[in-house]
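Letter by letter, the sequence shown follows residues 1 to 302 in the UniProt record's numbering.
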Amino acid sequence: MSSPLLFITACLIWGSTFFAITLQLGEVAPAVSVVYRFALASAVLFAWCAARGDRLLLPWRVQRWMMLQGAATFAASYICTYTSEQYLVSGLVAVLFALMVFWNPILNRIAFGNALGWRTWAAGIVAICGITLLFLHSIGDAWQQIRNGGDGHFLLGLMLALTATLASSVGNVVVVKVREQSDNVLLTMAWSMLWGTLLVALWVIVSGQHFSLPTTAKYWGGLLWLSLLGSVIAFAAYFTLIHRIGSDKAVYIGVVTPVISVLLSIQLEHYRPGAMEWLGMILCLSSVAWALQPNSSTTSKT
């Protein structure tokens, strides 16, 4: 499949998954839903690999990187994402994930010594201004609630969503190391998702949460969408893109998916952003697009 088609596939699917997560909230604990999602996705991937004759076992030198990727991408990031959507509109969580455009080059600088240009820093400042405008009213309301004895769950949701974006970027750095050890995208995904599933299941048990089977068609429909399309298909497209064009360019997806997610939130969650919120989103997404533009010195080459 061509890179543009992989890009479009990931954008369309992930643009819808932030809302699909809300279909799973309420019936079971968020961490339990994460276990169900990636247990199903990893089982499908292992079956796929077995059907095409792949050798499923991989050496420990590869497994340790996949364990780390599973902990970051499929455990920490998704526990935080699912929990944050109990307190934030799904479209706003998607907008925050656009910040991965800045986390990725910073982490690649730390891990691999990649150059970090001035544009990334300048665009990052603009993005922070946009995020501030986007959440200014809500943060003010939440702070007032705390002063009046409220719980301030909005602020908790905001911090969890930001943590999720950082954990996902850590996973993007680790996947580079995974691909150095094995070029089998589907098999390494299967193992990483399995490790993430086991870690989240352990967290569920240790924290005293309970596994229970949901009963509504809405939940099961969301689970199938998130597992088969949002996990198997979209991540396969995304990790393939990282291998082909690098993580700094693959996160262009983070510019498109928030737009789709916000439009779905307006239509399906009755989210009604005001002028300040629209300005904040425009600033945030524009800064991301600016940060990802090629340098003039590069574009002038023939």
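Here a beta-carbon is modelled for each residue, glycine too, at the ideal position from N, C-alpha and C. Predicted model, so just to flag it, every value in this text is computed and none were measured.
Item                                                                                                                                                         : Value
Name the DSSP beta bridge partners of residue 25, please?                                                                                                    : 28
Just to check my reading of the structure: residue 100 and residue 212 have Cβ atoms closer than 8 Å, yes? What is that Cβ distance to the nearest angstrom? : No, residue 100 and residue 212 are not in contact; Cβ-Cβ is about 33 Å, not under 8 Å.
Give the secondary structure of residue 130 by DSSP, where H, G and I count as helix, E and B as strand, and everything else as coil.                        : helix
Suppose you measure from the CA of residue 236 to the CA of residue 138; what does that come to, to the nearest Å?                                           : 36 Å
I think residue 174 touches residue 69, with their Cβ atoms under 8 Å apart; what is that distance to the nearest whole Å?                                   : 4 Å
Could you tell me whether any non-hydrogen atom of the ligand MN is closer than 8 Å to the CB of residue 204?                                                : This structure lacks the ligand MN, and indeed carries no ligand of any kind.
Using the C-alpha atoms, what's the distance from residue 4 back to residue 244?                                                                             : 11 Å
Does residue 1 pass the burial test, meaning 16 or more other C-beta atoms within 10 Å, or should it be called exposed?                                      : exposed
Which residue's Cα is closest to the Cα of residue 198: 253, 246, 31, 94?                                                                                    : 31
Taking the beta carbon of residue 207 as the centre, do at least 16 other beta carbons fall within 10 Å, making it buried, or is it exposed?                 : exposed
Residue 134 and residue 276 - do their beta-carbons sit closer together than 9 Å?                                                                            : yes
Whose C-alpha, out of 285, 214, 280, is nearest the C-alpha of residue 37?                                                                                   : 214
Flag this pair as yes or no: are the beta carbons of residue 65 and residue 178 separated by less than 9 Å?                                                  : yes
Would residue 172 be called buried (16 or more neighbouring beta carbons within 10 Å of its own) or exposed?                                                 : buried
Quick one: what does DSSP say residue 12 is sitting in, helix, strand or coil?                                                                               : helix
Do you know offhand how far residue 192's Cα is from residue 97's?                                                                                           : 21 Å
Under 9 Å, do residue 34 and residue 7 count as touching if we go by C-beta distance?                                                                        : no
Please say whether residue 23 and residue 82 have beta carbons closer to each other than 9 Å?                                                                : no
Below 7 Å CB to CB, which residues in the same chain sit around residue 129 once its five sequence neighbours on both sides are set aside?                   : 283
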